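Student:
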Amino acid sequence: MAAVRDYYGTVLASSSDLKTSACCTATAPPPHIAAALKQVHEEVTGRFYGCGTPIPPALDGPTVLDLGCGTGRDAYVLAQLVGARGQVIGVDMTEEQLAVARRHQGWHTEDYGQIAAYRGTLAEHPHVFELDDHHRFETGRPVPVYGNTADMLAATRYGQHFTVTGDKTTHFGLFPCAPGAAVPATTADSTAACC
Ligand SMILES: C[S@@+](CC[C@H](N)C(=O)[O-])C[C@H]1O[C@@H](n2cnc3c(N)ncnc32)[C@H](O)[C@@H]1O
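Here our numbering is used: position 10 in the sequence shown is 238, and no number is missing along the way.
1) With DSSP as the reference, identify every bridge partner of residue 236, one or two as the case may be.
2) Rounded to whole angstroms, what's the CA-CA distance from residue 274 to residue 280? Just pull it up for me.
3) Thinking just about the alpha-carbon of each residue, which of 394, 315, 310, 299 is nearest to the one in residue 321?
4) If you count every other CB in all the chains shown that lies within 10 Å of the CB of residue 255, and 16 or more means buried, which is it?
5) Can you look up residue 293 in the DSSP assignment and give me helix, strand or coil?
6) Are the CB atoms of residue 180 and residue 294 nearer to each other than 8 Å?
7) Any residue with its Cβ nearer than 5 Å to a heavy atom of ligand 1 should be included. What is that list in chain order?
8) Determine the direct distance from the alpha carbon of residue 345 to that of residue 390, and round the result to whole angstroms.
9) Taking only runs of the beta strand (DSSP E) that begin and end inside the region 336–391, which ones reach a length of at least 3 residues, in chain order?
10) Between residue 333 and chain C, is any beta-carbon pair separated by less than 8 Å?
11) If you draw a straight line from the C-alpha of residue 237 to the C-alpha of residue 324, how long is it?
12) Hey, residue 343 and residue 373 are a contact pair by Cβ (cut 8 Å); roughly how many whole angstroms apart?
13) Look up residue 319 in the DSSP assignment and give the residues it is bridged to.
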């Protein structure tokens with residue numbers, strides 16, 4: 229196991245370092261997979277160590293488990309296919325691989341055009357509520373949020389303190405969280421503008 233971890237975590241730095249392509253298919257992925265692949269971060273695809281993309285059809289709704297997900301290329305593709313009711317779980321034993329997958333988690337979030345506005349009704353936070361280190365809500369200011377955050381705000385104990393508008397009927401693509409993307413910053417010094 230240590231040798232496997234070392235190979236995938238240390239020896240390989242990109243797909244071009246792979247020592248063999250013996251079992252890889254030369255067939256191009258179908259158009260819907262190819263389109264989803266274009267939405268995956270380049271560092272993730274650059275460290276793809278798999279062979280082909282064994283993703284079956286009719287994936288709207290299920291929970292998919294990707295064992296040996298590596299940097300998560302297929303998991304990020306699957307996340308685009310399972311829809312709002314589905315979920316994807318990636319498991320890997322190589323920390324370096326998982327670090328890449330996690331680093332780009334925010335970059336891959338889904339945009340359904342939802343907006344959240346904090347009502348200022350938490351007694352301890354009358355002016356600003358910080359959900360975490362990259363979700364800062366000024367009272368009354370509408371902020372674009374990605375699907376998971378909208379759920380986190382609307383369907384939990386925070387629900388009574390937020391007005392969340394929009395649902396998941398229209399998928400606008402990936403939330404523009406990439407560095408330099410045009411996401412309205414909620415604070416002047418916001419470094420992680422992804423909501
Ligand atoms: C051929 S790579 C494929 C990685 C990824 N699916 C991809 O397409 O880029 C195999 C992956 O399986 C992981 N792996 C191998 N044995 C494992 C085990 N017993 N438990 C968890 N992960 C394992 C390795 O760490 C490696 O990331």
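Beta carbons are placed, not taken as given, at the ideal position from N, Cα and C, and that holds for glycine. These numbers were taken from a predicted model, which means no experiment stands behind them.
Tutor: Let me lay it out:
1) BP columns for residue 236 are empty, so no partner.
2) 14 Å
3) 299
4) Per the 10 Å Cβ criterion, exposed.
5) Residue state, collapsed to three classes: strand.
6) Outside the displayed span of the chain (229 to 423) sits residue 180, for which this structure offers no information.
7) Those residues whose C-beta sits under 5 Å from the nearest heavy atom of ligand 1 are, from N- to C-terminal order along the chain, 236, 276, 277, 278, 296, 298, 320, 321, 322, 325.
8) 6 Å
9) For the region 336–391, whole beta strand (DSSP E) runs of length 3 or above, ordered along the chain, are 342–346, 356–360, 363–366, 371–373.
10) Among the chains in the structure shown there is no chain C, since it carries only a single protein chain.
11) 5 Å
12) 7 Å
13) 295
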